[in-house]
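To start, the structure itself, in structure tokens.
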Amino acid sequence: MPRVIFIDADGGQFEADVPVGQSIMESAIDNMIDGILGECGGVMSCATCHVYVAKEWQAKLEPAEEREEDMLDMAVEPQENSRLSCQIEMTDALDGITVYLPRSQF
1 MPRVIFIDAD GGQFEADVPV GQSIMESAID NMIDGILGEC GGVMSCATCH VYVAKEWQAK
61 LEPAEEREED MLDMAVEPQE NSRLSCQIEM TDALDGITVY LPRSQF
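Each residue of the sequence shown is one higher than the one before, counting from 1 in the UniProt record's numbering.
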């Protein structure tokens, strides 16, 4: 099963196995990862699942759609590598993906 590595704002690292087809947000909630709330349940209306994707993984993701980009504009401290984790569906090719959790979500 592919794995996600979550790194919090203080450098703490947490790993979670994620079934193929599940979003990184769902995995974070299932594994009680602090910093990802997913208040809207993954329908892109809150940005409480905002993450920073490690640079080496960005090219392996599908580009963000316009609606996701619009939500990210409302996130606190968005960066070039910002994504909504509800929009990143896990695949075997993403095994080991690293995402950083914004300090603003703690």
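Where a beta carbon is used, it is the ideal one built from N, C-alpha and C, also for glycine. Being a predicted model, the structure only gives us computed values, none of them experimental.
- Per DSSP, reduced to three states, the secondary structure at Ser82 is strand.
- Of the residues Glu66, Cys86, Glu56 and Met1, the one whose Cα lies closest to the Cα of Asp17 is Met1.
- Looking from the CA of Leu101, the closest CA among Leu61, Lys60, Ile24 and Met74 belongs to Ile24.
- In this structure, Ser82 lies near Ala75, with their beta-carbon atoms less than 8 Å apart.
- Uninterrupted alpha helix (DSSP H) stretches at least 4 residues long and entirely within the UniProt domain "2Fe-2S ferredoxin-type" (2–105) occur at 24–30, 55–58 and 66–72, given in chain order.
- Nearest to Ser27 by alpha-carbon distance, out of Phe6, Pro78, Cys46 and Lys60, is Phe6.
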